[in-house]
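Peer 1:
Numbering (this note's numbering), first residue to last: 780 to 976.
1. Would you mind working out which of 876, 837 and 867 sits nearest residue 891, comparing C-alpha positions?
2. Going by beta carbon distance, what residues of the same chain come within less than 6 angstroms of residue 874, once the five residues before and after it are set aside?
3. Could you spell out the range, first to last residue, of the alpha helix (DSSP H) harbouring residue 864?
4. Taking one C-beta from the region 890 to 910 and one from the region 839 to 855 each time, how about it: are there three or more such pairs within less than 8 angstroms?
5. So what does DSSP say about residue 930, is it helix, strand or coil?
6. Quick one, are the C-beta atoms of residue 915 and residue 858 less than 8 angstroms apart?
7. For the putative contact between residue 880 and residue 896, defined by C-beta atoms under 8 angstroms, what is the C-beta separation to the nearest angstrom?
8. Less than 6 angstroms between C-beta atoms, sequence neighbours within five positions excluded: which residues of the same chain meet that for residue 979?
9. Given that a residue counts as buried once 16 or more other Cβ atoms are within 10 Å of its Cβ, and exposed if not, what is residue 795?
10. Would you mind stating whether residue 860 and residue 842 have Cβ atoms separated by less than 8 angstroms?
11. Excluding sequence positions up to five away, which residues of its chain have a Cβ less than 6 angstroms from the Cβ of residue 800?
12. Measure the alpha-carbon distance for residue 941 versus residue 827 and round it to whole angstroms.
13. Have a look at residue 894 and residue 869 and give me their C-alpha separation to the nearest angstrom.
14. If the criterion is Cβ atoms closer than 8 angstroms, does the pair residue 967 and residue 817 meet it?
15. Roughly how far, in whole angstroms, is the beta-carbon of residue 855 from the beta-carbon of residue 922, given that I think they are within contact range, below 8 angstroms?
16. Taking Cβ to Cβ, would you say residue 935 is nearer than 8 angstroms to residue 927?
17. Starting from the Cα of residue 866, find the closest Cα among 878, 900, 845 and 844 and give me that residue.
18. Does the Cβ of residue 840 have 16 or more other Cβ atoms within 10 Å, making it buried, or fewer, making it exposed?
19. If you draw a straight line from the C-alpha of residue 961 to the C-alpha of residue 950, how long is it?
20. If we ignore side chains and look at the alpha-carbon of each, how far apart do residue 808 and residue 902 end up?
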């Protein structure tokens, strides 16, 4: 039995065809990797820009339009602002970590670094982002009593309900964007694996 296995193994080894990648196909793979990386950088920078704009508008609103003076409202505003600042920081760290991945490094090292980065982004989307959204939502509803001083009850209920509806819509768009980002990261890893094989 062992002899038959060894013969089969030898036949397999002798008949295996090694496919070598040409310089052109390597250039194509490197080009695809670079394209996906640029798309992800744009995604991170867009996220930072949007969140920073929201942070500025919200901060100005809480300073000039509806200054929060009660403890509950201050905590609510603090949770909202802290959540945005923390998320912006995560996106900045993501750009930094993404730039650490050198496409032309030894492919094995680059693939390993890409996998670590992929896990980081996965953690951001599956753990950190929901916690931030939860804290932001708690903060929003902690400010509701402050708004009740200036807004009729029916309008306040409409605002609270619309927050949920808008949140669901935004969640769907974010989920689509996250899926695209994770697919691009998966593609980058696969391209790097193709190069190393």
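No residue lacks a Cβ here, since even glycine has one placed at the ideal position from N, Cα and C.
Peer 2: Once the coordinates are examined:
1. 876
2. 823
3. 850 to 879
4. No contact exists between the region 890 to 910 and the region 839 to 855.
5. Note: residue 930 maps to coil in three-state DSSP.
6. yes
7. 6 angstroms
8. Residue coverage of the chain in this structure runs from 780 to 976, which leaves residue 979 outside it and unanswerable.
9. With a pLDDT of 42 at residue 795, under the threshold of 50, the modelled position of this residue cannot be trusted, and the question is left open.
10. no
11. Because residue 800 carries a pLDDT of 46, less than 50, the predicted location of this residue cannot be relied on, and the following value inherits that uncertainty. Nothing listed; no residue qualifies.
12. 25 angstroms
13. 18 angstroms
14. no
15. 4 angstroms
16. yes
17. 900
18. exposed
19. About 16 angstroms.
20. 27 angstroms
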